[in-house]
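Structure first, commentary second.
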Amino acid sequence: MQPSGTALFVVLALPFLGAALTPLVYRILGERTAYFAAAVAAGCLAAVGALYGTEGTVVVEWIPSYGVELAFYVDGLALLIGTLASGVGVLVFTYSGGYMHGEPGQLKYYATLLAFMGSMLGVAFAADLIALFVFWELTSVSSFLLIGHYQDTESSQYAARKSMLITVAGGLFMLVGFVLLRDAATAVEGVESAYRLSGDGGMLHHADAMVDQLRAEGLFVPVLLLVGMGAATKSAQVPFHIWLPNAMEAPTPVSAFLHSATMVKAGVYLVGRFRPLLLTDEWTLVFGVLGLATMTVTAILAVGASDIKELLAYSTASHLGLIVAGYGMSNYLGAETGAFHILNHALFKAALFLVAGIVAHEAGTRAIDELGGLAEDLPLTAAVTVIAGLGMAGVPPFNGFYSKEFLFHAVYETAEASVADGGSVLWWALPVVAVFGSVFTFLYSIRFVMLFFGEKPDELGEVHAPPVAMTAPAAVLGALALVVGLGGVTGTFGVHLTPVEEFVKSVMESSLAHGNEHKFSYYLPTEVTPWLIMSAVTIGVGAVTYPFFDRIRDSVRAVRGVDPLRANWYYDGATETLDRSTVIDIVQTGHLRTYAIALSLATSALTLGAYAAASVSLPALELAGLAPALLVVLGVAVVGAVAVAAAPSHISGVLTLSILGFMVAIFYILASAPDLALTQLVIETLVLVIFLLVLDKLPAFYGTVDRVRAGRDAVVAAVVGVTVTVTVLVSTAATPHDVIAQYLLTYAGVPEIHDPIFVDAGGGGNVVNVILVDFRAFDTLGEISVVAMAALSVITLIAMRERGETQ
C-alpha cells in the first residue's frame with residue numbers, strides 16, 4: 036500500500052515546528068517544556084505508526100527542469116529508525132523533565148533536541164541523495180550544540196568540536212561519493228532521477244546495472260570507500276571512535292538519545308540502506324573487517340573505562356561495530372543480524388544510559404570504582420540494569436543474545452564458504468575475532484551489572500530514590516527488552532512473537548537485493564551448532580576470567596597509556612599542529628587587508644580554473660562598432676580608475692572613485708535604460724555621502740606604503756580585474772534561442788482580456804519592477820531580509836557601543 040503523504044509531512048515537519056515554538060512554550064511552561072517536547076515526539080510516533088503496513092515513494096518536485104526532487108521512501112528500515120527516533124524521543128523528553136531540573140540552557144536544549152529528532156527522521160525517510168545529505172548534516176550541527184550544552188566548560192567545548200570535525204569531515208567524503216553515484220546513475224537505463232536512491236526508478240532497484248556502470252567508469256571502489264567513510268565517522272567506527280566517549284560531556288538524556296537510538300544509528304542505517312546496491316566481495320572485506328575491528332577494539336577499551344558513561348560510550352561503538360560487521364556479511368544472515376541488533380541495541384543501551392543518569396543524579400558520582408551495592412537503594416533501577424546489562428552481554432534468553440548468535444552464524448558461514456571457494460584460510464579469523472571481542476563485551480557488561488550488587492562503599496553515602504519521570508522511561512525500555520528476549524523463549528516452543536518477527540523481517544528485506552524475500556524468526560537453540568559453541572565459549576571464557584577483571588582492566592589502561600597506541604594522540608597532535616602552523620599565522624593576522632586578499636585570490640583562482648577546465652573560449656572584442664559617446668564614457672571611466680590608484684588621501688580617492696559610478700549611470704542612459712541610470716545615480720550619491728561621513732572619523736592621509744605591499748596589491752587587483760572581465764565577456768557572449776527578455780515583455784503587463792483577479796501575468800507597466808516583485812519575488816524578498824537583518828545588527832551595535840563588556 037502506498038504511504039500517506041500527509042503522515043510523512045507530519046513526521047518530518049512536526050519536530051521542526053515544535054522547535055520553532057519552544058521559545059514561546061518555555062516562557063509559559065518553564066521546565067515543563069519537557070512534556071511539550073514529549074508530546075511532539077508522541078505525535079511523530081503516531082504519524083510513523085500510521086505508515087506501518089505501507090511501502091513506497093512520495094515525491095515532491097523541486098527543480099523539475101534539472102530533475103531535482105525531494106523524494107521520501109517508506110519501508111521496514113525507514114520505519115525502524117523512525118520508530119526509534121520518535122519512540123525513544125518520547126521517553127527521553129519525559130526523562131529530561133526530572134533530570135534537567137535546575138539545569139541551565141533548557142530552552143536551547145529542548146529546541147535543539149527537537150530539531151535533532153526531526154533531522155534524524157529526515158535521514159530515515161529520505162529517498163534521494165540531496166535530502167539525505169541535508170538531513171545528515173543537520174544531525175551533525177544539532178548534535179554539536181547538544182554535546183556542547185555546557186558551553187562554559189572546556190571539556191564540553193573540546194567534545195563538541197571533535198564530534199563536529201570528525202562527523203562533518205566524514206559527511207563531506209560521503210558527499211563526493213554521492214556526486215560520483217549521481218554521475219553513474221545518469222547513464223543507467225531505468226533510473227528515473229539521477230538523485231533517487233530508493234523506491235521505484237531508484238538506484239537500489241537497478242543495483243546490478245549501477246554496479247556494472249560504476250565498474251566500467253572505475254568508480255566502484257572509490258564510491259564504496261567514500262560512502263563507507265561517511266558511515267564510519269557517524270557510527271564511531273575505528274579509528275573514528277574517539278569522538279564518542281568525549282561526547283558523554285553532554286547531559287545524560289542526550290547521550291541516551293543520540294548515542295543509542297539515533298545519531299550513531301545514522302551510520303549503520305546508511306550501511307543497511309546501501310547494502311543492496313554495493314554488496315560485493317569488496318563490500319564484505321571493507322565492512323566485515325571494519326565492523327569486527329571496531330567491535331573488538333572498543334570492547335577492550337570499555338573494560339578499561341573508569342566512568343560509567345565512558346564504559347557505555349565504548350560499548351556503543353562496539354555494538355555498532357557488530358551491526359556493521361553483520362551488514363558486511365554477504366549472506367541473508369548479515370541483513371538479519373544488522374536489522375535485529377539495531378532494535379535490540381537501541382532497547383538495552385537507551386535503558387542503560389538512563390540508568391547511568393539515575394546513578395549519577397542520585398549517587399553524585401559516575402566513577403566505577405566508587406559505586407557498588409546500589410540495588411538496596413534503587414531496586415527497580417537494578418532490575419532494569421540486570422535485564423539490559425545481560426542483553427548487552429549476549430546472555431540467553433535476553434534480547435542481545437539472539438542477534439549476536441546471528442552474527443556468529445553469519446561470520447562462520449561466510450568464512451566456511453570463502454575457504455571452500457578457494458579463499459585464504461585467513462577468512463577463519465572472522466569468527467575467531469568475533470568471539471574474542473564478545474568475551475570483552477561480556478566482561479564490561481557484567482561489571483556494569485555488578486555496580487548494583489556487592490558491598491556498598493562507605494564513602495558513597497545515602498542514595499535517594501529518583502523521581503518517577505526518570506524511573507518510568509528506563510522501566511519501559513527494560514520491559515520492552517525483556518519482552519523481546521522472552522519472545523525467543525516462547526519461539527522455542529512454537530509460540531512466536533509475530534509482530535516483532537514480521538517487523539524485523541521487513542527491516543531485513545530492506546537490506547536485501549530488490550525483490551528478495553526471506554522469513555525471519557528467532558528462538559533459543561535446540562541443537563548444537565558451531566555458532567552455539569561460539570556463544571558458549573564466549574560466556575564460558577568470560578565467566579572464568581571475570582574474577583580477574585581488575586587485572587585485565589589495569590592492563591588495558593596501561594596499554595592505553597602508551598601514546599602511539601591511542602587514536603586520540605594522533606587527533607590531538609594533528610589539531611595542535613594546525614593551530615601552531617605557519618600557514619595559519621600567515622592567513623589569520625587579524626587584518627582585514629589579509630582576509631580580503633585571501634578571499635579575492637581564492638575566488639579568482641576557482642573561477643578562472645573552472646573556465647579553464649570547461650575549455651571556455653573568449654568572444655572577439657568589437658570596439659569599432661561602439662558609438663563615439665560610449666567610447667568617451669569608457670575613456671573617462673578608465674581615467675577615473677587610474678586616478679583612484681594615484682589619489683593621495685581618502686577624500687580624493689573616494690571622490691575620484693565616484694567618477695566611475697557616474698560613468699556607469701551615463702552608460703545606462705546611452706543604453707536606453709533610464710530607470711537603471713536613476714537607480715545608479717541615487718545609490719552612487721548615497722554611497723558617496725556615507726563614505727564622506729565615515730572618512731571624517733579617519734586620518735586624512737594613507738601614509739607611506741612600501742613597494743612590496745603596493746606591488747602585491749597591484750597583482751591582486753589585476754587578478755580580480757581579469758576575473759571580472761572574463762566573467763562579463765563569457766556571460767554576455769551567449770545568444771540563446773529562447774530569449775527570456777521576450778517572455779518577460781509578453782507577460783509583464785496587463786493582458787487584454789483578463790478576470791478581476793489573474794495570476795498568468797505580472798499586471799505592471801514597468802517590466803523591471805515586475806521582474807523584481809513578481810518574477811523574482813522570492814529573490815527580492817531574500818535580499819530585503821538580508822538588508823533588514825544587517826540593519827538590525829547595526830542598530831544593535833550602535834545601541835551597545837556605550838556599554839561595557841559585562842553589560
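Under my numbering, the first residue of the sequence shown carries the number 36, and numbering increases by one thereafter. For glycine and all other residues, C-beta sits at the position ideal for the given N, C-alpha and C.
Range covered by the beta strand (DSSP E) that runs through residue i
i: ALA106; result: 103-109
i: TRP97; result: 91-98
Residue range of the alpha helix (DSSP H) that includes residue i
i: ASN434; result: 434-455
i: LEU164; result: 164-182
i: THR57; result: 40-64
i: LEU567; result: 565-580
i: THR758; result: 742-768
i: TRP278; result: 278-281
i: ASP218; result: 189-220
i: ILE422; result: 414-428
i: GLU562; result: From DSSP, GLU562 is part of no alpha helix (DSSP H); its letter is neither H nor E.
i: GLU585; result: Checking the displayed sequence, the identity of residue 585 turns out to be Asp instead of Glu. First-last of the alpha helix (DSSP H) with ASP585: 584-595.
i: GLN37; result: Run containing GLN37: none; DSSP gives neither H nor E here.
i: GLN857; result: The chain is shown from 36 up to 842; residue 857 falls before or after that span and cannot be answered.
i: LYS269; result: 255-269
i: ALA245; result: According to the sequence displayed, residue 245 carries Met and not Ala. First-last of the alpha helix (DSSP H) with MET245: 242-251.
i: ARG310; result: 298-313
i: SER295; result: Where SER295 is concerned, there is no enclosing alpha helix (DSSP H), given that its DSSP letter is neither H nor E.
Buried versus exposed call for residue i [16 or more other C-beta atoms within 10 Å across all chains shown]
i: ILE725; result: exposed
i: GLY625; result: exposed
i: GLU840; result: The pLDDT assigned to GLU840 is 49, lower than 50, so where the model puts this residue is not dependable; a value taken from the coordinates is nonetheless given after this. GLU840 is exposed by the Cβ-count criterion.
i: HIS376; result: buried
i: PHE813; result: exposed
i: ILE833; result: exposed
i: LYS384; result: buried
i: THR770; result: exposed
i: ALA229; result: buried
i: THR333; result: buried
i: HIS276; result: buried
i: TRP604; result: exposed
i: HIS772; result: exposed
i: PRO663; result: exposed
i: ILE335; result: buried
i: ASN281; result: buried
i: THR739; result: exposed
i: THR41; result: exposed
i: LEU43; result: buried
i: ASP110; result: buried
i: ALA825; result: exposed
Which residues DSSP lists as bridging residue i, in chain order
i: ASP795; result: For ASP795, which the question treats as bridged, DSSP gives no partner whatsoever.
i: ARG231; result: ASP163
i: ASP342; result: ALA402
Test item: CB-CB of residue i and residue j under 8 Å
i: ALA391; j: LYS344; result: yes
i: PHE441; j: THR527; result: no
i: HIS18; j: LEU547; result: Missing from the structure shown is residue 18; the chain here goes from 36 to 842 and no further.
i: PHE18; j: TYR367; result: Nothing can be reported for residue 18, as the shown portion of the chain is limited to 36 through 842.
i: VAL751; j: ILE632; result: yes
i: VAL299; j: LEU347; result: no
i: GLY429; j: THR476; result: yes
i: ALA120; j: LEU149; result: no
i: CYS79; j: LEU105; result: no
i: ALA195; j: PHE179; result: yes
i: ALA845; j: ALA85; result: Because the chain spans 36 through 842 in this model, residue 845 falls outside it and cannot be assessed.
i: GLY516; j: LEU389; result: A quick correction: the sequence has Ala, not Gly, at residue 516. In this structure, LEU389 does not lie closer than 8 Å to ALA516 by Cβ.
i: PHE487; j: SER570; result: no
i: HIS116; j: TYR304; result: Looking at the sequence provided, one finds Ile at residue 116 rather than His. Yes. Within cutoff.
i: LEU730; j: HIS685; result: yes
i: ALA267; j: GLY307; result: no
i: VAL591; j: VAL470; result: no
i: ALA76; j: VAL125; result: yes
Tell me the start and end of each unbroken alpha helix (DSSP H) in the region 682-736 that is at least 4 residues and wholly inside, in chain order. Counting only runs of 4 or more, we get 685-705 and 709-730.
Ignoring anything shorter than 4 residues or poking outside the region 491-542, list the alpha helix (DSSP H) runs there in chain order. With a minimum length of 4 residues, the continuous alpha helix (DSSP H) runs that stay inside the region 491-542 are 503-527.
Which runs of the alpha helix (DSSP H), 4 residues or longer, sit entirely within the region 353-408? Considered as a whole, the region 353-408 harbours 367-398 as its complete alpha helix (DSSP H) runs of no fewer than 4 residues, in chain order.
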